[in-house]
Amino acid sequence: MDRVPTPFRRAGPFTKFTAAFARAEGGNAAVIFAVVSIVLIGAIGVAVDYSRMALTRSQLQDRLDAALIAGVQGQGTTTAETFFDNTATGSIAKSVSRSFTSESDGLSGTASAAVPTTLSSVLGLKSFDVSASGKAVRPSGGSACILVNSTTDNQAFLANSGATINAPDCEIHVRSKANPAAIVNSGVTLNVKRVCIAGTNIIKNSSAAMPIETGCAAATDTIGPTLPSPPAQTACTVLDQNATTFNLKPGTYCSFNFNGGTKVNLAPGFYTITGTINVSGSTFTGSGVTLYFANAGAQIHFNASVVKTLTAPTSGTYKDILVYENQSNALSNYTWDSGPTDILSGIIYLARRNMTFNSQTNIKSHALTMVVNTLIWNDTRWNLSPGPVLLGSGAGGTAMLTR
């Protein structure tokens, strides 16, 4: 009697495929195994490399965002580019590029990088491209144009009787948290947007209302890290002691005395100061100039009745920088004495100086930013507007990311 095959003995397509695979010669099986292995390795590689790509994109975005914030608080695209170039996007990214654009309300930027593949390379994928974009703006409100940078000095900011500061669009930021961090005496007028003091202990010997906030987030120094190196020093320039008019050219100047009645005219350019220059009863004028104090003892000491008109360059390597110093200088004191009217424009960066302004110093500025270690005002008259470079932190002056 014939036996009817059971369903388990009926050969289907899958059974035939597996049987054929089993009968295959070793070489063919090896080829099939190799192909399947490549696909599996490639799939695993894509997963691994996607994770690497996502990490690099996040790092690139963080790097770009930090550069945008620094740029808005510093010198725009120059600061942003320097900050970006001096930070790293992990150890994976290759061919990193960036671009920053100044806008009316802040700074925008893009960045891109290539992420080399690992296991995905078996599929012919050599790298993945990642990109980031963003924008940082400063909200409307006050801007910090004066930063007192010391974090530890007692009375790092001292305003004595007669000091009158008229700068309604500026903020004064004091980073000290000492006790007291600041002293404001009677007879002081602070017509400013805000005085932000990081410390909570101050002495205010005046009943007058003042826009002082304590315990606030004072700005940090975003200018110092971006300052350009000075040119190489040259031999000291020799001047005629008996002249009545001095037409100075860029170069290196050591100690010298400009006596009463002289006129000092500075041609545009860079001036390195290595000693003390005393100026008495003169006019001291320069447009498009940068003054650099090469050591702790370098300074220009303005005595009684010197009329000063000084503006920073508007382009080039030292754009917007009026006065700055070697940041490795030891801390030193610097006194800026009387003048009927001082017209100053640009950045005054003297973060290693304890600055004192004396004797009815009258400063008028259309654009001034100043960073000092400590600051004393004695009977001063200042009329200021924010400079081309602003520092911001905390409410009212914070740079914010908008995308």
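The sequence shown maps to residues 8 to 410 in our numbering.
By construction, the Cβ of each residue, glycine as well, lies at the ideal position given by its N, Cα and C atoms.
query                                                                                                                                                             : result
Round the Cβ separation of T281 and G258 to the nearest angstrom and send it over; I've been treating them as touching at under 8 Å.                              : With a Cβ gap of about 11 Å, T281 and G258 do not count as contacting.
Within 10 angstroms of its Cβ, does D69 collect 16 or more other Cβ (buried), or is it exposed?                                                                   : exposed
Quick one: what's got a C-beta closer than 6 Å to I190's C-beta in the same chain, skipping five residues either side?                                            : Q162, L165, I210
Whose C-beta lies closer than 6 Å to the C-beta of A118 among residues of the same chain, with five residues either side of it excluded?                          : L67, L71, R105, A139
Would you mind sorting L75 into buried or exposed? The rule is 16 or more other CB atoms within 10 Å of its CB.                                                   : buried
Determine the direct distance from the alpha carbon of I383 to that of T187, and round the result to whole angstroms.                                             : The amino acid occupying residue 187 in the given sequence is Pro; Thr does not appear at that position. So the alpha carbons of these two residues sit roughly 14 Å apart.
DSSP three-state call for A100: helix, strand or coil?                                                                                                            : coil
DSSP three-state call for V181: helix, strand or coil?                                                                                                            : strand
If you compare alpha carbons, which of N380, D386, L408, T387 is closest to S180?                                                                                 : Looking at the sequence provided, one finds His at residue 180 rather than Ser. When only C-alpha atoms are compared, the closest one is N380.
What would DSSP say about S147, mapped onto helix, strand or coil?                                                                                                : In this predicted model, S147 has a pLDDT of only 48, less than 50, meaning its place in the structure is not dependable; the value taken from the coordinates is given anyway. The answer is coil: DSSP assigns S147 none of H, G, I, E or B.
Only counting runs of 3 or more residues, tell me where the beta strand (DSSP E) segments fall wholly within the segment 158-214, in order along the chain.       : 164-166, 171-181, 189-191, 196-204, 209-211
Please name the residue in S109, I219, A95 whose C-alpha comes closest to that of V103.                                                                           : A95
When DSSP labels each residue in this structure, what does P393 get in the three-state scheme?                                                                    : strand
Closer than 9 Å, CB to CB, is F90 near chain D or not?                                                                                                            : The question asks about chain D, but that chain is absent: this structure has only one protein chain.
Restricting to Cα atoms, I'd like to know which of L398, N390, T409 is closest to T171.                                                                           : N390
Tell me, please, whether the segment 232-243 touches the segment 202-222 by the rule of three or more beta-carbon pairs shorter than 8 Å.                         : no
Relative to the C-alpha of Y341, which residue among P347, N302, A319 is closest?                                                                                 : N302
Rank F135, P235, D386, G304 by C-alpha distance to the C-alpha of R64 and give the top, closest one.                                                              : F135
Compare the C-alpha of N264 against each of N173, T84, Y299, N310 and name the closest.                                                                           : N310
Is the Cβ-Cβ distance between N365 and D349 less than 9 Å?                                                                                                        : no
Closest to V271 by C-alpha separation, out of V313, S58, W343, I328, would be which residue?                                                                      : V313
Grouping DSSP H, G and I as helix and E and B as strand, with all else coil, what is A77?                                                                         : helix
Taking buried to mean at least 16 other C-beta atoms within 10 Å of its own C-beta, is A174 buried or exposed?                                                    : buried
Assuming A120 is part of the alpha helix (DSSP H), what are its boundary residues?                                                                                : Counting along the chain, A120 falls outside any alpha helix (DSSP H), though it belongs to the beta strand (DSSP E) covering 113-123.
Rounded to the nearest angstrom, how far is the Cβ of A77 from that of L154, given a contact under 8 Å?                                                           : No, A77 and L154 are not in contact; Cβ-Cβ is about 15 Å, not under 8 Å.
With a threshold of 16 other CB atoms inside 10 Å of the CB of L338, please say whether the residue is buried or exposed.                                         : exposed
If I measure Cβ to Cβ from T108 and keep anything under 8 Å in the same chain, skipping five residues before and after, which residues do I get?                  : T84, L114, S115, G116
Look up T233 in the DSSP assignment and say whether it is helix, strand or coil.                                                                                  : helix
Under 9 Å, do Y325 and T297 count as touching if we go by C-beta distance?                                                                                        : yes
Return the chain-ordered list of same chain residues with a C-beta closer than 6 Å to the C-beta of V6, the five sequence neighbours on each side being excluded. : Nothing in the structure corresponds to residue 6, since the chain is present only between 8 and 410.
State buried or exposed for T207, treating a residue as buried only when at least 16 other CB atoms are found within 10 Å of its CB.                              : exposed
R201: which of C152, T158, N192 sits nearest, CA to CA?                                                                                                           : C152
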